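Residue numbers (the numbering used here): 6 to 331. Note that beta-carbon positions come from the ideal geometry of N, C-alpha and C, so glycine has one too. Computed from a predicted model, the values in this text were never measured in an experiment.
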Amino acid sequence: MTENEVDSHLKSVPTSAASSTKSKPRYGLKYTLEGHKKAVSSVEFSPDGKWLASTSADKSTKIWNALDGRFEQSLEDHAQGISDVAWTSDSKFIATASDDKTIKIWDVGTGEMLKTLKGHANYVFCVNFNPQSNLLVSGSYDESVRVWDVKTGNCIKILPAHSDPVTAVNFNRDGTLIVSGSYDGLCRIWDTSSGQCLKTIIGDDNPPVSFVKFSPNGKYILTGALDNKIRLWNFNNSKCLKTYTGHKNEKYCIFSSFASGRWIVSGSEDNNVYIWDLQTKEVLQKLEGHSDVVIAVSCHPSENIIASGAMKNDRTVKIWKEESAP
């Protein structure tokens, strides 16, 4: 598959925020959300675009209004810091992954903690719901990937996934596949129903994989690695199609994302948020304002809004909005 074919596929990603592919992003800082007492570890917009969840080493998950930055509530029950958060498709529930070796499921409307999923033997580092939100996938420092039944809270599959901590897990758009990444340098694709490993993607130099995510259309995989590079892969033939550089990432598991069907967004260890042109790989904008490593980013599902979260010397969540947007 040629890069031109990739471009046409990626352009076809449906998104209500997409506009002219020729326009450059012009994001400006709108809100700085303060409240976390330690490093922010993840930020995630709800699928309906109303809420932003942020997690922290301070053991709390905070819910904010996505559009005006207003603080809504703090969810606290974990015994140790939290590394990741995921929303159900209906935006009513979240799951949090913690260093206390558990995953907790919360009702965001009531603030109630509904279930604690136990089974991992070490820190739970990443979590994601399938689109139907009846399954949850988690990755851990215990090197395994687990699949859980959300309704019962039972673990239904343990995948002996990697030979080092699992840094990221993600379902594809129809929930039939899971991708996992690890410090062992491998990115693996799993069949959700059978638990079989369908494919292993490995880079030339085998750098530790710090992040993985399916593209919105499910045809590609975005990976971050601790070699200061983000890569876009065609997982059918294990070919690396695009490489994005310019940011700094050698130490932390930094989130990256697709934005508006035409940009790639990532945090960076130089305290900035980077935005690349998905197709030309050019850095289009650098968002400056945080005072520590930007570890977390999330892109709003329908508006040109980016959320970012930074580490312990900063501890804030920032909401950035396109200047041309209303």
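May I ask you to check if the CB of residue i is nearer than 7 Å to at least one heavy atom of the ligand MN?
i: residue 203; result: Here there are no bound small molecules, and the ligand MN is not part of this structure.
Measuring only the C-alpha atoms, how far is residue i from residue j?
i: residue 239; j: residue 220; result: 10 Å
i: residue 197; j: residue 146; result: 21 Å
i: residue 68; j: residue 40; result: 11 Å
i: residue 245; j: residue 237; result: 6 Å
i: residue 74; j: residue 151; result: 34 Å
i: residue 211; j: residue 166; result: 16 Å
i: residue 251; j: residue 156; result: 43 Å
i: residue 26; j: residue 285; result: Caution applies to residue 26, whose pLDDT of 48 falls short of 50 and renders its modelled position unreliable; the value that the coordinates give is listed next. Their Cα atoms are separated by approximately 11 Å.
i: residue 235; j: residue 315; result: 19 Å
i: residue 161; j: residue 55; result: 32 Å
i: residue 20; j: residue 180; result: Reliability fails at residue 20, whose pLDDT of 42 lies under 50, so the model's placement of it is uncertain and the value that follows must be treated cautiously. If I take the Cα positions, the gap works out to 19 Å.
i: residue 297; j: residue 320; result: 8 Å
i: residue 90; j: residue 280; result: 23 Å
i: residue 213; j: residue 111; result: 32 Å
i: residue 205; j: residue 194; result: 6 Å
i: residue 30; j: residue 44; result: 28 Å
i: residue 275; j: residue 299; result: 8 Å
i: residue 242; j: residue 269; result: 22 Å
i: residue 255; j: residue 142; result: 26 Å
i: residue 318; j: residue 63; result: 13 Å
i: residue 192; j: residue 137; result: 24 Å
i: residue 118; j: residue 209; result: 44 Å
Kindly indicate which three-state DSSP category residue i falls into: helix, strand or coil?
i: residue 88; result: strand
i: residue 77; result: strand
i: residue 294; result: coil
i: residue 96; result: coil
Here's the rule I'm using: 16 or more other beta-carbon atoms within 10 Å means buried, otherwise exposed. How should residue i be labelled?
i: residue 76; result: exposed
i: residue 109; result: buried
i: residue 80; result: buried
i: residue 327; result: buried
i: residue 93; result: buried
i: residue 282; result: buried
i: residue 218; result: buried
Do residue j and residue i have their beta-carbon atoms positioned less than 8 Å apart in this structure?
i: residue 101; j: residue 123; result: no
i: residue 34; j: residue 48; result: no
i: residue 295; j: residue 50; result: no
i: residue 171; j: residue 202; result: no
i: residue 175; j: residue 133; result: yes
i: residue 322; j: residue 38; result: yes
i: residue 164; j: residue 153; result: no
i: residue 66; j: residue 99; result: yes
i: residue 260; j: residue 216; result: yes
i: residue 288; j: residue 311; result: no
i: residue 59; j: residue 86; result: no
i: residue 302; j: residue 266; result: no
i: residue 149; j: residue 169; result: no
i: residue 207; j: residue 190; result: yes
i: residue 144; j: residue 126; result: no
Shorter than 8 Å from the beta carbon of residue i to some beta carbon of chain C?
i: residue 38; result: Here chain C cannot be found, since the structure has a single protein chain.
I'd like to confirm the pairing. Which residues does DSSP put opposite residue i in its beta bridges?
i: residue 327; result: 32
i: residue 345; result: Here the chain comprises residues numbered 6 to 331, so residue 345 is not present and cannot be evaluated.
i: residue 144; result: 131 and 150
i: residue 101; result: 90 and 109
i: residue 118; result: 111
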